[in-house]
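As they're listed, the protein sequences go chains A and B. Position 120 of the first sequence, counted from 1, bears residue number 120 in the UniProt record's numbering, the numbering being contiguous throughout. Position 196 of the second sequence, counted from 1, bears residue number 196 in the UniProt record's numbering, the numbering being contiguous throughout.
2 protein chains.
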Amino acid sequence: MARLYHVPLSPFCRKVRLSLAEKKIEVELVEERYWEQDADFLRRNPAAKVPVLRLDGMLMAESAAICEYIEETRPDPCLMPKKPAERLEVRRLVSWFDDKFHHEVTSKLLYERVNKKMTGEGYPDSSNVKSGAKAIKYHIDYLSWLLDHRRWLAGDNMTLADFAAAAHLSSLDYISDVDWNRSAVVKDWYAKIKSRPAFRSILADQVPGFRPPSHYADLDF
Amino acid sequence: MARLYHVPLSPFCRKVRLSLAEKKIEVELVEERYWEQDADFLRRNPAAKVPVLRLDGMLMAESAAICEYIEETRPDPCLMPKKPAERLEVRRLVSWFDDKFHHEVTSKLLYERVNKKMTGEGYPDSSNVKSGAKAIKYHIDYLSWLLDHRRWLAGDNMTLADFAAAAHLSSLDYISDVDWNRSAVVKDWYAKIKSRPAFRSILADQVPGFRPPSHYADLDF
């Protein structure tokens with residue numbers, strides 16, 4: 001069986017979990033205290049990051065590379081369009097979330113509020129939290145603008161771009177950092193993706209010391 | 001003709017330039033003062049980042065997405081292997097450089113020494129510079145370890161992984177931040193890639209206010 005070394009609230013791990021679940025690839029989840037950098041973990045991934053996936057007899061690192069590999073070896077159901085121009089748009093949006101959104105929002109909210117406590121690095125830096133709380137508004141507005149023109153983020157079909165975005169937003173929703181009232185189309189899009197069977201394991205996550213709000217796992221939030 | 005909105009020392013722009021040049025796609029280079037965030041630029045890329053490539057009637061953002069697009073539409077000469085496991089390794093290493101190396105080294109050295117001056121953000125933070133100068137040693141050792149086992153970074157053939165790595169290292173070499181004496185195999189690898197015709201435009205870059213060391217453009221450095 002596949003095995004994923006992960007951290008429950010990591011959006012990069014969640015993106016891989018969504019991709020595996022959507023393709024009905026069973027996976028054993030192993031929590032990794034990556035910040036302790038023990039020798040076994042560094043052997044699995046010298047980059048000292050999660051996710052690390054054991055699949056097809058290999059150890060795989062880097063969520064973007066892992067998702068492309070899963071897509072190439074298990075193309076059904078398909079999370080990546082066929083045309084190069086459409087694939088470009090999916091990959092642009094995956095990078096938007098995993099780079100820009102991560103830098104401006106996730107690292108400023110989730111990492112300050114949760115990771116710092118978990119890894120013993122101390123208290124949240126309030127200027128970071130403030131900056132993340134401000135930036136997420138602009139990102140929701142951008143999502144809203146995309147969804148005014150498209151059924152899913154990158155076009156007519158659900159793709160890895162939707163999973164990348166939902167992975168970040170779901171982690172932030174766990175700590176009540178998403179204002180779902182800001183945009184009806186974004187809320188509708190998230191309700192659609194949240195109700196997929198692939199999302200169940202993510203809605204069942206429990207992180208000791210952090211209790212999610214009641215709407216977190218509610219499909220009619 | 002293709003047009004690339006870029007910044008000469010940006011490793012993300014250099015990776016795209018290398019990929020275009022290797023495939024003999026002519027491109028007009030337009031320097032973009034991305035930090036001024038003017039309206040035209042934001043229309044081209046709402047992420048407000050370079051590179052932005054105009055090609056095939058589209059405006060493209062995000063260097064990883066752009067390079068995959070070029071690869072899919074201009075597969076010859078090939079910079080990406082055919083087998084999924086080998087493609088995984090190429091993409092893992094591209095992420096290694098564009099995420100981990102960028103975070104630990106490029107942003108600590110190049111951005112402190114050059115970008116801050118260019119954008120008027122002030123003086124380098126010496127603790128960042130120190131941390132980047134320390135981290136680059138470990139990265140060169142990792143490259144060295146890979147090249148003890150392989151002809152090119154990801155395997156037997158030159159790939160996007162080599163271009164990602166060479167893009168970062170060449171930008172740092174412009175400000176004399178690479179110790180080429182640390183590893184003979186890394187130096188040999190860089191000499192091989194530096195002598196390719198695709199590298200010429202990068203070796204000819206001149207950034208006002210920053211003069212490269214004499215070995216920068218020397219093929220026998």
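Glycine included, each C-beta is placed from N, C-alpha and C at the ideal position. Predicted model, so just to flag it, every value in this text is computed and none were measured.
Exposure of residue i, with buried meaning 16 or more beta-carbon neighbours within 10 Å
i                     : result
P11 (chain B)         : buried
T159 (chain A)        : buried
W35 (chain B)         : exposed
S63 (chain A)         : buried
P208 (chain A)        : exposed
V30 (chain B)         : exposed
Y138 (chain B)        : exposed
K187 (chain B)        : buried
H149 (chain A)        : exposed
residue 252 (chain A) : Within the shown structure, residues of chain A are numbered from 1 to 221, placing residue 252 (chain A) beyond reach of any answer.
N181 (chain A)        : exposed
S19 (chain B)         : buried
G132 (chain A)        : buried
R151 (chain B)        : exposed
K49 (chain B)         : buried
T106 (chain B)        : buried
A184 (chain A)        : exposed
A165 (chain B)        : buried
K24 (chain A)         : exposed
A65 (chain A)         : buried
L55 (chain A)         : buried
P51 (chain B)         : buried
K82 (chain B)         : exposed
A39 (chain A)         : exposed
M58 (chain B)         : exposed
For residue i, three-class secondary structure by DSSP
i              : result
F36 (chain B)  : The sequence as given places Glu at residue 36 (chain B); Phe does not occur at that position. DSSP places E36 (chain B) in helix when its eight states are reduced to three.
H102 (chain A) : helix
G155 (chain B) : strand
E26 (chain A)  : coil
V7 (chain A)   : coil
A2 (chain B)   : strand
E72 (chain A)  : helix
V207 (chain A) : strand
Chain-ordered neighbours of residue i on chain A, where CB pairs are closer than 9 Å
i              : result
Y69 (chain B)  : P84, A85, R87, L88 and R91
A47 (chain B)  : R92, S95, W96, D99 and K100
Y142 (chain B) : P46
Within chain B, the residues that residue i reaches when beta carbons sit closer than 7 Å
i             : result
S95 (chain A) : E62, A64 and A65
Continuous alpha helix (DSSP H) stretch holding residue i: start and end
i                     : result
H215 (chain B)        : Per DSSP, H215 (chain B) belongs to no alpha helix (DSSP H) and is neither H nor E.
V186 (chain A)        : A184 to K194
A133 (chain B)        : S126 to H149
L109 (chain A)        : S107 to L110
residue 265 (chain B) : With chain B covering only 1 through 221, there is no way to say anything about residue 265 (chain B).
R200 (chain B)        : R200 to L203
Unbroken beta strand (DSSP E) run spanning residue i, endpoints
i              : result
A61 (chain B)  : M58 to A61
Y174 (chain B) : Where Y174 (chain B) is concerned, there is no enclosing beta strand (DSSP E), although the alpha helix (DSSP H) it sits in stretches over L160 to Y174.
L55 (chain B)  : V52 to L55
Chain-ordered chain A contacts of residue i [CB-CB under 8 Å]
i             : result
E72 (chain B) : P84 and R87
Closer than 8 Å at the beta carbon, the chain B residues around residue i
i             : result
M58 (chain A) : A85 and L88
Chain A residues whose Cβ lies nearer than 7 Å to that of residue i
i             : result
Y34 (chain B) : Those do not exist, as Y34 (chain B) stays about 13 Å from chain A at its closest Cβ, beyond 7 Å.
Straight-line Cα distance separating residue j from residue i
i              : j              : result
R14 (chain A)  : S214 (chain B) : 48 Å
Q206 (chain A) : A167 (chain A) : 15 Å
I70 (chain B)  : F97 (chain A)  : 22 Å
N45 (chain B)  : F199 (chain A) : 31 Å
P8 (chain B)   : R211 (chain B) : 13 Å
A85 (chain B)  : A191 (chain A) : 35 Å
C78 (chain A)  : L146 (chain A) : 21 Å
K130 (chain A) : E104 (chain A) : 11 Å
W189 (chain B) : D218 (chain A) : 54 Å
Y174 (chain A) : A21 (chain A)  : 20 Å
V27 (chain B)  : K134 (chain A) : 38 Å
F41 (chain B)  : L4 (chain B)   : 12 Å
A154 (chain A) : D220 (chain A) : 24 Å
S170 (chain A) : S195 (chain B) : 47 Å
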